[in-house]
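Protein chains: 2
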Amino acid sequence: MDITLIYGKNAVIEALEQNEREFNKILISDSARADVKIEQIKKLAKQRGIIFQFVTKEKLNSIEPEGKHQGVIGLVSPIKYTKLEDFIEKYQNERTSVVILDGVEDSHNVGAIIRSCVCAGIKGIILPSRRGVLINSTVEKTSAGAINHISVIKTNSLVNAVQKLKENDYWVIASDHHAEQNHYEIDYTDMNFALIMGAEHAGISKSLLKLSDFRVKIPMLTNFNSLNVSNATAIILFEYVSQSCKKIRGNKNG
Amino acid sequence: MDITLIYGKNAVIEALEQNEREFNKILISDSARADVKIEQIKKLAKQRGIIFQFVTKEKLNSIEPEGKHQGVIGLVSPIKYTKLEDFIEKYQNERTSVVILDGVEDSHNVGAIIRSCVCAGIKGIILPSRRGVLINSTVEKTSAGAINHISVIKTNSLVNAVQKLKENDYWVIASDHHAEQNHYEIDYTDMNFALIMGAEHAGISKSLLKLSDFRVKIPMLTNFNSLNVSNATAIILFEYVSQSCKKIRGNKNG
Numbered sequence: 182m183d184i185t186l187i188y189g190k191n192a193v194i195e196a197l198e199q200n201e202r203e204f205n206k207i208l209i210s211d212s213a214r215a216d217v218k219i220e221q222i223k224k225l226a227k228q229r230g231i232i233f234q235f236v237t238k239e240k241l242n243s244i245e246p247e248g249k250h251q252g253v254i255g256l257v258s259p260i261k262y263t264k265l266e267d268f269i270e271k272y273q274n275e276r277t278s279v280v281i282l283d284g285v286e287d288s289h290n291v292g293a294i295i296r297s298c299v300c301a302g303i304k305g306i307i308l309p310s311r312r313g314v315l316i317n318s319t320v321e322k323t324s325a326g327a328i329n330h331i332s333v334i335k336t337n338s339l340v341n342a343v344q345k346l347k348e349n350d351y352w353v354i355a356s357d358h359h360a361e362q363n364h365y366e367i368d369y370t371d372m373n374f375a376l377i378m379g380a381e382h383a384g385i386s387k388s389l390l391k392l393s394d395f396r397v398k399i400p401m402l403t404n405f406n407s408l409n410v411s412n413a414t415a416i417i418l419f420e421y422v423s424q425s426c427k428k429i430r431g432n433k434n435g
Numbered sequence: 182m183d184i185t186l187i188y189g190k191n192a193v194i195e196a197l198e199q200n201e202r203e204f205n206k207i208l209i210s211d212s213a214r215a216d217v218k219i220e221q222i223k224k225l226a227k228q229r230g231i232i233f234q235f236v237t238k239e240k241l242n243s244i245e246p247e248g249k250h251q252g253v254i255g256l257v258s259p260i261k262y263t264k265l266e267d268f269i270e271k272y273q274n275e276r277t278s279v280v281i282l283d284g285v286e287d288s289h290n291v292g293a294i295i296r297s298c299v300c301a302g303i304k305g306i307i308l309p310s311r312r313g314v315l316i317n318s319t320v321e322k323t324s325a326g327a328i329n330h331i332s333v334i335k336t337n338s339l340v341n342a343v344q345k346l347k348e349n350d351y352w353v354i355a356s357d358h359h360a361e362q363n364h365y366e367i368d369y370t371d372m373n374f375a376l377i378m379g380a381e382h383a384g385i386s387k388s389l390l391k392l393s394d395f396r397v398k399i400p401m402l403t404n405f406n407s408l409n410v411s412n413a414t415a416i417i418l419f420e421y422v423s424q425s426c427k428k429i430r431g432n433k434n435g
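The listed protein sequences correspond, in order, to chains S and H. Take the first sequence: its position 85, counted from the start at 1, is 266 in our numbering, and no numbers get skipped. Take the second sequence: its position 69, counted from the start at 1, is 250 in our numbering, and no numbers get skipped.
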């Protein structure tokens, strides 16, 4: 089978618990402290009949040279991408929202965005096949296991994907710092939305901007207008979360 | 003089424009495309009488092995840390807020947090001398030059720093996922605040929690409760920004 790496204690635990990834084996550093998480990994691996091996730290470093493995590396099947059609069908009877990354190039950012998406209850993330980052080990690690809680959709054409979403009752919101409307001036709670975030430098491509129903900006209190894309995504998604929480509380009190 | 590196086109341009850092020299890759930003760096360096040298890409890679230099490395004096007393005095006649990082360990996160701080009009960031990250080249790069727009304060005792802030009319807000109050239920616009963000795993130390005037949490829409600390900081700071923008607009209309 094709093999990819997941490393870091939390990432490996998440993948074991979700039980959607096929494990080849798990490598554990023989100098790793036998802490709660390592014990949990061993226990979960035994339950699922997955081989784990103790190897030297040098061996782990040779597999993952950045040294961010925390003493644990899982050799697993690559994540399964979801087809957009299947995603739309699966969630056709409930409020569902997705985030679309138009050419985001930094794996750390993609991982952090996936983490925020899952915290905010976003069900899917759409990535272009040919521009920007697809899911790699750094994305998996930075997502802290969140990657196993979201549908990842890759597409040859973001334009086609956005059109299909629009046909299926999704409203398209583009984050664009030239926009007139502030991000907090939209009511996110009454719609399925598809939030498009652009590449760090280039922003969102014109063809996608044209398809959007709303364009929103995040206002700044200074002239230094340069939020990191993962922070910008978190700010908009958690405006949606705040609105949802206020509404739930309002309904309870009403 | 002590030397530190700043690399990446934007980071070098910001440092040249701010004119607070002493440059030893600037190294430019001889294979770098002569784009607008490289031209700008050469022009600014000439204006300030700073030497720039063309060297091989391999030379740059040997100085900055992660290969994130984008063809430009500046050898500069380390950033100047500000004393808390001086900071408080400087801003005593205006609304001012600061962010305090209690042991945040990842340089990328610290850099991204500084970037969000500057976008949100935060004037200072306080770091402990002995736990977590101080300013290094990765922080400088990730901050995209924002580091030159904020006072960086390091302290041997965060407890003493927080007490001093409280004596000087700052309200202390701790981000704590055990809190009862949601982050959006506080009015940030009527006070000087000091927002404390904790380490990725350990959270905020108890002694600091005790000193806080407010504890706030960011509510989630799922059980996956694991925001990246830089995203959590951005979410809270931009709740403050949104409140400020709404207030300014309200005053204009009123």
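Built from N, CA and C at the ideal position, the CB exists for glycine as well. What you are looking at is a predicted structure, and each value in this text was computed from that prediction instead of being measured.
Contacts around residue i, its chain only, beta-carbon distance under 8 Å, and the 5 residues preceding and following it disregarded
i: S/I306; result: V279, V280, I281, L282, I294, I295, C298, I331, S332, V333 and I334
i: H/K304; result: F268, Y272, T277, S278, V279, I331 and S332
i: H/Q344; result: L392
i: S/K428; result: T370
Beta-carbon gap between residue i and residue j smaller than 8 Å
i: S/S324; j: S/A413; result: no
i: S/M378; j: S/V422; result: no
i: H/A301; j: S/L402; result: yes
i: H/T336; j: H/L392; result: no
i: H/I254; j: H/L208; result: yes
i: S/A380; j: S/G313; result: yes
i: H/I187; j: H/V193; result: yes
i: H/K190; j: H/I231; result: no
i: S/S210; j: S/V236; result: yes
i: H/I260; j: H/I219; result: no
i: H/Q199; j: H/N329; result: yes
Reduced DSSP category for residue i - H, G, I as helix; E, B as strand; rest coil
i: S/D283; result: strand
i: H/V253; result: strand
i: H/Y262; result: coil
i: S/Q362; result: strand
i: H/N242; result: helix
i: S/T140; result: Since the first residue shown for chain S is 182 and the last is 435, residue 140 of chain S is missing from the structure and cannot be characterised.
i: H/R296; result: helix
i: H/K398; result: strand
i: H/L408; result: coil
i: S/A226; result: helix
i: H/N205; result: strand
i: S/G384; result: strand
i: S/G305; result: strand
i: H/Q344; result: helix
i: S/S318; result: helix
i: H/K355; result: The amino acid at residue 355 of chain H is misidentified as Lys; the sequence shows Ala. Note: H/A355 maps to strand in three-state DSSP.
i: S/Y188; result: strand
i: S/I377; result: strand
i: S/S423; result: helix
i: H/Q234; result: strand
i: H/S324; result: coil
Buried or exposed (CB count within 10 angstroms, at least 16 for buried), residue i
i: H/A415; result: buried
i: S/H359; result: exposed
i: H/Q362; result: exposed
i: H/E245; result: buried
i: S/Q251; result: buried
i: H/N242; result: exposed
i: S/K433; result: exposed
i: H/A215; result: exposed
i: H/R396; result: buried
i: H/E195; result: buried
i: H/N290; result: buried
i: S/V217; result: exposed
i: S/G326; result: buried
i: S/E321; result: buried
i: H/D287; result: buried
Residues of its chain near residue i, where Cβ-Cβ distance is below 6 Å and the 5 sequence neighbours each way are ignored
i: H/M436; result: There is simply no residue 436 of chain H to check, as chain H begins at 182 and stops at 435 in what is shown.
i: S/S212; result: K238
Beta-carbon proximity list for residue i, same chain, < 7 Å, skipping 5 on both sides
i: H/Y365; result: E420
i: S/S386; result: D283
i: H/A455; result: Past the boundaries of the shown model lies residue 455 of chain H; chain H is included only from 182 to 435, so the question cannot be answered.
i: S/S425; result: T370
Residues that residue i contacts on chain C, provided the C-beta gap is smaller than 7 Å
i: H/R276; result: Absent from the structure: chain C. Protein chains present are S and H.
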